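Participant: Pasting a structure here, questions to come.
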Amino acid sequence: MLIETHLRNWVFRWSNWLLYRPCFSLAIAFFFAYLAIGYVGNNLSINTDTAELVAPDAPFQQNRRKFEQAFGQDIHTVLILLDSSSPELTKAAAQRLARELRADTEHFSNVYRPDESAFFQRNGLLYLDTDKLQDFSVTLAQAQPFIGRISQDPSLNGFFSIFIDALQGKQGSGEVPIDLMSLIGKVAASLHKTLNGETDLLSWQNLIAENRISEAQSDKAFIFVQPKFDFSRILPAEQAIEAIRAAGAKIQDPNLPAVRVRITGEVGLEHDEMAGMSKGTFTASVFSIVLVCGILLIAYRSWCLTLATLFVLSLGMVFCGLFAAAAVKQLNLISVAFAVSNIGLGVEYAIHLCLRYRDNIDVLVGDKLKAIRTAVLDTSPSLILCAATTSIGLYAFVPTDYQGISELGLLAGTSLFICLFVTLSVLPVLLRLLPKPPLHHLLKGQHPGASKWSQALAHLTLHYAKPISVATVLLALGAAALLFGVKTDFNPINLRDPETESVRAFKELLQTKDTSPMTLSVLAANAEEARTLQHRLAKLPVVDKTLSLFDLVPDDQQEKLNLVDEMMLTLGAQSRSFPQLKTGGDPKPAIVGMLAAIDATLPTRTDPAQIHCLQSFRHELQDVLTELDARFPPDRGVFVEKIQTSLLGTLPTVMNQLLTGFQAEEIDAGSIPEPIKQRWLSAGGLYRIQIFPKQDLNDLGHLQEFITQVQAIAPNVTDLPVMYWESMKSVLAAFRQAILTALVSIALLLLVIRRSVVDTLLVMTPLVLAGLFTMASTVLTGTPVNFANIIALPLLMGLGVDNGIHMVERLHHSLAEDQNIYESSTARGMYYGALTTISSFAGLAFSPHQGIASMGLVITIGIFWIMVCTFILLPALSKLVLKPRVKVVEQA
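Mapping the sequence shown onto numbering that gives the first Met the number 0, position 598 (from 1) lands on 597, and the numbers just tick up by one.
Here you go:
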């Protein structure tokens with residue numbers, strides 16, 4: 000054909016010029032590689048900001064940007080989750096941690112703790128439901144005698160004296176705030192921990208309030224932090240997160256129970272994901288490099304050819320990096336995968352050329368220069384055609400709205416030509432300079448491609464062409480039926496390593512309605528619109544509650560204020576302040592009195608549970624006495640202080656926080672502090688409505704239902720769930736458009752170059768079928784299509800097109816069984832090229848990152864089906880539709 004002839008002539012002149020000047024040619028390549036490395040180092044960077052990767056001009060992205068401009072303090076934040084054995088300790092730790100982080104202006108631009116506002120501390124009781132506040136008022140009235148007694152003597156002596164009187168049933172002795180036996184059990188458990196070297200802190204907030212104030216998990220505290228990012232790093236928030244961990248370690252008190260500090264939220268999740276991907280990918284890459292080297296050695300039976308291939312591949316990567324630095328300047332988390340695509344497809348060019356050269360050495364009896372020229376001339380037309388068709392498939396992704404894959408298509412498509420040019424230019428020169436490999440007949444006298452397996456495969460595909468074709472049609476129909484079961488998973492949480500701290504914490508928060516970080520936000524232009532929208536949204540069956548600026552003005556304030564006044568009267572003199580704990584006292588007399596009271600009351604008890612509780616308490620008290628007798632000052636005082644802190648340490652704090660709440664005043668819109676108001680009303684007058692889900696959003700069905708029902712009322716809704724949902728929809732639309740464009744463009748190019756409808760169909764059929772079988776396999780393996788594994792499709796398409804072109808070209812000359820195509824360098828090149836590609840990705844299937852693992856699995860499955868369709872189906876179809884050419888060329 001005319002085009003093929005022109006290609007051969009051009010390659011012949013170019014290779015001749017290089018081969019007669021090998022040292023000069025190699026020196027020029029080294030010189031330009033040196034310049035390229037310097038340019039890449041100074042001009043190419045990685046931008047790990049994922050916000051604009053998907054459809055930057057789409058409506059959901061515009062809604063996100065509008066929300067960020069209005070309420071930027073809630074965007075790109077780290078959520079710090081603190082919890083401990085008591086809510087008092089958790090709150091104190093959160094207060095200290097927030098102070099530490101605010102002082103670190105190098106790493107943080109904003110720190111917000113929802114429960115630290117003096118406004119809410121003073122008026123918090125007004126935000127309770129009236130029924131809950133009434134219940135708490137009753138509880139407080141029951142606890143008033145205890146509070147009065149302990150406030151007069153806030154020490155172990157005073158505390159135990161209350162127990163003694165309660166056990167003896169003295170009139171007016173003052174009752175404990177909860178069931179006596181329940182309190183005795185908690186105190187005994189706390190003493191047991193302290194005596195055994197553990198730290199404990201009895202929660203008086205839970206004891207007095209009995210969890211009636213709120214249904215939320217009161218043992219947790221939240222801090223929202225805006226870190227300062229460095230997007231030139233692979234982990235842009237790494238320094239800020241390390242600073243959080245250092246501050247979290249600093250606030251730990253060895254004399255108190257540990258406070259668990261966990262990092263999650265949008266930034267925390269992305270950080271752990273990138274860290275896991277980097278670690279897992281590095282490990283898999285080392286494994287893959289070793290495996291690729293082993294495969295090349297088996298394919299070539301030559302260290303020289305293996306090193307030449309790796310050198311050419313590395314040189315190609317340098318010049319591909321040069322193009323990336325000039326074309327896009329910044330790689331994103333998706334486009335960086337062009338390097339992987341080059342390795343998978345670029346190495347195949349070198350394999351085909353080296354295997355053909357190695358076979359030519361045998362045929363030409365050691366004439367190295369002629370073997371190189373012949374190998375270049377024989378392989379270059381099909382390699383150039385492969386690069387052209389594959390690049391068109393990749394360029395089809397450039398016009399899509401998915402910026403990450405758009406840049407990936409541009410870089411990967413152009414890099415194919417760069418890798419091919421380097422292969423055809425530098426590899427022949429290296430082969431000219433390196434020693435020629437030993438002849439095949441010296442290697443145990445056997446051609447490396449010849450085997451009983453290849454002969455059996457040739458017999459199978461050529462003798463049973465019709466049955467194979469019919470079976471393929473049936474298999475294709477079954478796979479098409481399975482396509483209806485293909486699932487998509489747009490939730491990035493499910494792609495991440497489920498064992499990481501951020502994912503565990505995030506999923507834990509999702510399980511509770513009040514703590515779910517997966518809420519939606521709607522902006523309203525004015526107060527009337529905000530009220531109307533909030534009213535409609537609150538009626539949705541998937542919505543638990545909605546919050547806006549209007550909810551900061553409590554309902555039934557006068558009734559609640561009356562209840563607060565009643566609680567103040569109930570406490571009497573204790574409503575002003577609660578004293579700090581007394582120190583330096585000797586609790587031994589009170590403990591002895593406690594033991595006597597227990598001994599006196601035990602014979603009167605008949606309930607086995609109560610008897611066991613009192614006996615356990617007596618045992619712990621006796622151990623305390625033993626410890627007191629065995630210790631000397633000042634160690635004895637330290638021990639007493641430790642017991643008193645574990646039993647009564649939180650009481651003054653809880654009481655004084657409660658007394659602060661008695662200072663509540665009537666609230667109107669004007670009395671809300673500006674820092675709080677700014678989180679709900681922007682400077683531009685936009686009102687924010689936050690929508691909480693009723694169901695657990697760990698379930699994808701619940702997440703989808705939550706988003707779609709809210710969008711039906713408020714199409715401009717935004718926040719993390721919408722970003723996940725709309726991004727995946729855009730990605731799927733982009734890939735559908737790109738794949739259809741790629742298939743049509745590849746088919747047209749093949750038709751123009753090959754000038755044969757039959758050849759075009761033969762190349763395209765295995766490609767389409769392999770894609771069909773791969774998608775069906777994802778159904779059988781339970782692997783949904785996601786943000787990660789969908790990137791495998793361009794690579795699989797490129798590999799499928801290359802193999803189809805190589806095989807059809809070879810089949811035109813080798814349709815007879817005695818011309819075993821599976822012994823040719825073409826088939827071996829395809830086989831070893833597929834093995835090297837699989838080895839580059841198979842290790843990823845074992846990554847803890849679920850997205851990376853699914854990508855490795857899909858690529859491995861896809862390559863398997865490409866090889867099956869190319870090696871078995873394509874020869875069978877060719878036997879049925881192709882006619883052997885009159886001129887049978889010498890097999891290579």
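Ideal Cβ positions, reconstructed from N, Cα and C, are used throughout, including at glycine.
Values in this document were obtained by computation on a predicted structure and should not be read as measured data.
Just tell me which of 273, 137 and 719 has its CA closest to the CA of residue 519.
Facilitator: When each option's Cα is compared against that of residue 519, the closest is 719.
Participant: Which residue wins for smallest C-alpha separation from residue 830, given the options 295, 146 and 614?
Facilitator: If we check each option's Cα against that of residue 830, 295 comes out closest.
Participant: Where do the N-terminal and C-terminal ends of the beta strand (DSSP E) with residue 220 fall, by residue?
Facilitator: Here the beta strand (DSSP E) through residue 220 covers 219–226.
Participant: Considering only their Cβ atoms, is the gap separating residue 80 from residue 219 smaller than 8 Å?
Facilitator: For residue 219 and residue 80, yes; Cβs fall inside 8 Å.
Participant: Rounded C-beta distance between residue 379 and residue 423? I'm assuming under 8 Å.
Facilitator: Residue 379 to residue 423, Cβ: 6 Å. Contact.
Participant: Expressed to the nearest angstrom, what Euclidean distance is found between the alpha-carbon atoms of residue 859 and residue 60?
Facilitator: Between residue 859 and residue 60, the C-alpha separation is close to 34 Å.
Participant: Once the 5 residues before and after residue 95 are set aside, which same chain residues still bring their CB inside 8 Å of it?
Facilitator: 250.
Participant: Could you check how far apart the C-beta atoms of residue 495 and residue 272 are, in whole angstroms? I think they sit under 8 Å.
Facilitator: Correct: roughly 5 Å between the Cβ atoms.
Participant: Buried or exposed, going by whether 16 or more other CB atoms sit within 10 Å of the CB of residue 482?
Facilitator: Classification for residue 482: exposed.
Participant: For residue 523, does the three-state DSSP call read helix, strand or coil?
Facilitator: Here residue 523 sits in strand by DSSP.
Participant: Please look up how many angstroms separate the CB atoms of residue 194 and residue 622, rounded, as I've assumed it's under 8 Å.
Facilitator: With a Cβ gap of about 5 Å, residue 194 and residue 622 count as contacting.
Participant: With a threshold of 6 Å on Cβ separation, who are the neighbours of residue 480 within its own chain once the five nearest residues in sequence on each side are excluded?
Facilitator: There are no such residues.
Participant: Do residue 180 and residue 557 have their C-beta atoms within less than 8 Å of each other?
Facilitator: Going by C-beta atoms, residue 180 is not nearer than 8 Å to residue 557.
Participant: What does residue 546 pair with, by DSSP beta-bridge criteria?
Facilitator: Its beta-bridge partners are 689.
Participant: What residues match up with residue 261 in a beta bridge as DSSP calls it?
Facilitator: DSSP lists 80 as partners of residue 261.
Participant: With a floor of 4 residues, list each alpha helix (DSSP H) that falls wholly inside the segment 698–770, ordered by position along the chain.
Facilitator: Runs of the alpha helix (DSSP H) inside the segment 698–770: 699–712 and 719–753.
Participant: CB-CB under 7 Å to residue 370, same chain, minus the five flanking residues each way: which ones, in chain order?
Facilitator: Excluding positions up to five away in sequence, the list reads 356, 359, 360 and 363.
Participant: Which of the three DSSP states is assigned to residue 329 in this structure?
Facilitator: Three-state result, residue 329: strand.
Participant: Checking the sheet assignment: what are the DSSP bridge partners for residue 784?
Facilitator: 487, per the DSSP bridge assignment.
Participant: Span of the alpha helix (DSSP H) holding residue 428?
Facilitator: Element bounds for residue 428: 402–432.
Participant: Taking just the CA atoms, how far does residue 100 sit from residue 243?
Facilitator: Going by the C-alpha atoms only, they are around 7 Å apart.
Participant: In terms of residue numbering, what span does the alpha helix (DSSP H) encompassing residue 375 cover?
Facilitator: First-last of the alpha helix (DSSP H) with residue 375: 367–394.
Participant: Please classify residue 445: does DSSP put it in a helix, a strand, or coil?
Facilitator: Unreliable placement is indicated for residue 445, whose pLDDT of 45 sits below 50; the coordinate value is still reported in the next sentence. Three-state DSSP puts residue 445 in coil, outside helix and strand.
Participant: Measure the Cβ-Cβ separation of residue 418 and residue 319 and say whether it is below 8 Å.
Facilitator: Yes, these two residues count as a Cβ contact at 8 Å.
Participant: For residue 637, which residues does DSSP report across the bridge?
Facilitator: For residue 637, which the question treats as bridged, DSSP gives no partner whatsoever.
Participant: Quick one: complete alpha helix (DSSP H) runs, 4+ long, within the segment 566–606?
Facilitator: If we require 4 residues or more, the alpha helix (DSSP H) runs fully inside the segment 566–606 come out as 587–600.
Participant: Rounding to the nearest angstrom, what Cα-Cα distance links residue 259 and residue 694 in this structure?
Facilitator: Going by the C-alpha atoms only, they are around 27 Å apart.
Participant: Comparing C-alpha positions only, which one of 581, 663 and 752 sits nearest to residue 640?
Facilitator: Of 581, 663 and 752, the residue nearest in Cα terms is 581.
Participant: Which of the three DSSP states, helix, strand or coil, is assigned to residue 107?
Facilitator: Correct three-state label for residue 107: strand.
Participant: Less than 8 Å between C-beta atoms, sequence neighbours within five positions excluded: which residues of the same chain meet that for residue 477?
Facilitator: Result list for residue 477: 775, in chain order.
Participant: Helix, strand or coil for residue 824, going by three-state DSSP, please let me know.
Facilitator: Reduced to three states, the DSSP call for residue 824 is helix.
Participant: If you drop the 5 nearest sequence neighbours on each side, which residues of the same chain put their C-beta closer than 7 Å to that of residue 132?
Facilitator: If we look at residue 132 and ignore the five residues flanking it on each side, its Cβ neighbours are 124, 559 and 562.
Participant: How would you call residue 462, buried or exposed, if buried means at least 16 neighbouring beta carbons within 10 angstroms?
Facilitator: It is exposed - the Cβ of residue 462 has fewer than 16 other Cβ atoms within 10 Å.
Participant: Answer with buried or exposed for residue 269, where buried requires no fewer than 16 other C-beta atoms within 10 angstroms of its C-beta.
Facilitator: Buried: at least 16 other Cβ atoms inside 10 Å.
Participant: Cutting at 6 Å between CB atoms, please list the residues of its own chain near residue 267, excluding the five before and the five after it.
Facilitator: For residue 267, where only same-chain residues beyond five positions count, the Cβ hits under 6 Å are 77 and 501.
Participant: Using 10 angstroms around the beta-carbon of residue 153, count the other beta-carbons present and answer buried if the total reaches 16, otherwise exposed.
Facilitator: Answer is buried; the Cβ neighbour count reaches 16.
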